[in-house]
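Okay, so here's the structure we're looking at.
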Amino acid sequence: MKPKKITVEASPEHPDILDIRDAMQQVMDYFDLLTDRGQSDVVWNLVFASTNSPFTAEGAPVDLRTNAPAYGQVRDHVAVIERGLARLQEGRPLDSDFPQEKREIAKRILMRNLNGIGRTIIDLGDDAIYEIQPKQAERSLAAINGEDDEEYEYLFSTFSRKEIGSIEGRIIDLSTDYDEPSIKLKEHRSGREIQCRISSDARDEIENSLTAGDVWTHRRARVRGVINYDPNGKIVRVYDGRIAFIETKGTRLSDLRDPEFTGGLPAYEYIDKLRENDFG
361 MKPKKITVEA
371 SPEHPDILDI
381 RDAMQQVMDY
391 FDLLTDRGQS
401 DVVWNLVFAS
411 TNSPFTAEGA
421 PVDLRTNAPA
431 YGQVRDHVAV
441 IERGLARLQE
451 GRPLDSDFPQ
461 EKREIAKRIL
471 MRNLNGIGRT
481 IIDLGDDAIY
491 EIQPKQAERS
501 LAAINGEDDE
511 EYEYLFSTFS
521 RKEIGSIEGR
531 IIDLSTDYDE
541 PSIKLKEHRS
551 GREIQCRISS
561 DARDEIENSL
571 TAGDVWTHRR
581 ARVRGVINYD
591 PNGKIVRVYD
601 GRIAFIETKG
611 TRLSDLRDPE
621 FTGGLPAYEY
631 IDKLRENDFG
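Going letter by letter, the sequence shown gives residues 361 to 640 in my numbering.
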């Protein structure tokens with residue numbers, strides 16, 4: 361076993377910009393996955409970090425009691441994590457050996473590749489890698505949120521299908537959904553009210569950016585996450601969502617006024633000619 365490595369690349373939309381927060385949190389979550397909470401004396405020591413984009417970090421396990429390498433102590437736990445990541449890479453759900461407390465961390469790593477990060481490359485051992493780009497992230501999230509999520513299957517078993525996507529609408533409520541933070545959107549196209557459960561990774565962002573005024577004024581927003589559809593193809597709800605506000609420019613009546621619109625004709629005469637098709 362050798363030091364573990366993760367590489368984080370910027371989004372193709374902004375290839376020269378890699379948000380420090382996204383990159384560092386991606387690295388921290390990866391090594392959190394590899395950390396066995398039952399071994400409090402073992403930490404992952406940073407042995408290498410790049411200084412530019414793409415950002416690469418390598419870590420090696422160390423026993424704080426002896427300052428000696430601890431590969432033997434982490435081998436079994438790392439094997440479980442890497443086996444789970446390999447399953448996600450193949451579009452299969454996590455197995456029962458994957459620690460429950462690590463599942464949300466895996467989701468956060470995948471979600472960042474849909475919002476801000478272009479590609480994440482994770483070492484899986486034996487020279488194998490897990491290359492996460494948006495399409496792969498969607499496939500893996502569908503697996504991790506699928507048949508392995510008993511709560512989801514129990515609560516939402518009547519849904520016909522689910523897929524990663526986004527909806528737009530106006531915020532009409534801020535509440536909880538099955539004890540999870542949630543916002544309710546009035547969807548732009550259908551006018552239907554859609555409940556959107558917020559992902560754990562986005563909760564702090566929501567707390568810092570969403571105010572009561574945003575709800576009272578029905579601020580326009582876009583929520584991206586796992587969309588649930590009913591058998592008729594209608595959107596039922598969204599979960600694991602992230603929110604982005606949509607800024608709209610106010611329009612005044614004076615902006616719409618065009619004194620030359622009728623070509624100098626009085627309004628009633630213009631309308632009569634329009635009805636009689638006198639304009640050709």
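Beta carbons are placed, not taken as given, at the ideal position from N, Cα and C, and that holds for glycine.
query                                                                                                                                                          : result
Please state whether DSSP places residue 537 in a helix, a strand or coil.                                                                                     : strand
With DSSP run on the structure shown, which of helix, strand or coil describes residue 632?                                                                    : helix
Output the distance between the C-alpha atoms of residue 540 and residue 426, rounded to the nearest integer angstrom.                                         : 43 Å
Would you identify the three-state DSSP class for residue 553, choosing helix, strand or coil?                                                                 : strand
Please classify residue 386: is it buried, with 16 or more other beta-carbons within 10 angstroms of its beta-carbon, or exposed?                              : buried
Where does the unbroken alpha helix (DSSP H) through residue 444 begin, and where does it stop?                                                                : 431–449
Determine which residues share a DSSP beta bridge with residue 605 and list them.                                                                              : 581
Would you decide whether residue 602 is buried or exposed? Buried here means 16 or more other CB atoms lie within 10 Å of its CB.                              : buried
Hey, could you find the ends of the alpha helix (DSSP H) residue 391 is sitting in?                                                                            : 380–394
Under 8 Å, do residue 435 and residue 526 count as touching if we go by C-beta distance?                                                                       : no
Do residue 465 and residue 389 count as a contact pair if the criterion is CB distance below 8 Å?                                                              : yes
So the candidates are 552, 489, 412 and 477; which of them puts its Cα closest to the Cα of residue 445?                                                       : 489
Whose C-alpha, out of 580, 453, 364 and 577, is nearest the C-alpha of residue 430?                                                                            : 364
Under 8 Å by Cβ, that's how I've got residue 377 and residue 370 pegged, so tell me the actual separation to the nearest angstrom.                             : 6 Å
Contact between the region 548–567 and the region 577–596 is defined here as three or more beta-carbon pairs at a separation below 8 Å; is this criterion met? : yes
In whole angstroms, what separates the C-alpha of residue 514 from that of residue 413?                                                                        : Per-residue confidence for residue 514 stands at a pLDDT of 45, beneath the threshold of 50, marking its modelled position as unreliable; the derived number appears in the next sentence. If you take the alpha carbons of residue 514 and residue 413, they lie about 43 Å apart.
Give the range of the beta strand (DSSP E) segment to which residue 573 is assigned.                                                                           : Taken as a continuous stretch (DSSP letters only), residue 573 belongs to no beta strand (DSSP E), being part of the alpha helix (DSSP H) at 572–576.
I'd like the span of the alpha helix (DSSP H) that includes residue 377, first residue to last.                                                                : No alpha helix (DSSP H) holds residue 377; DSSP gives it neither H nor E.
Using the beta-carbon count (16 or more within 10 Å), is residue 461 buried or exposed?                                                                        : exposed
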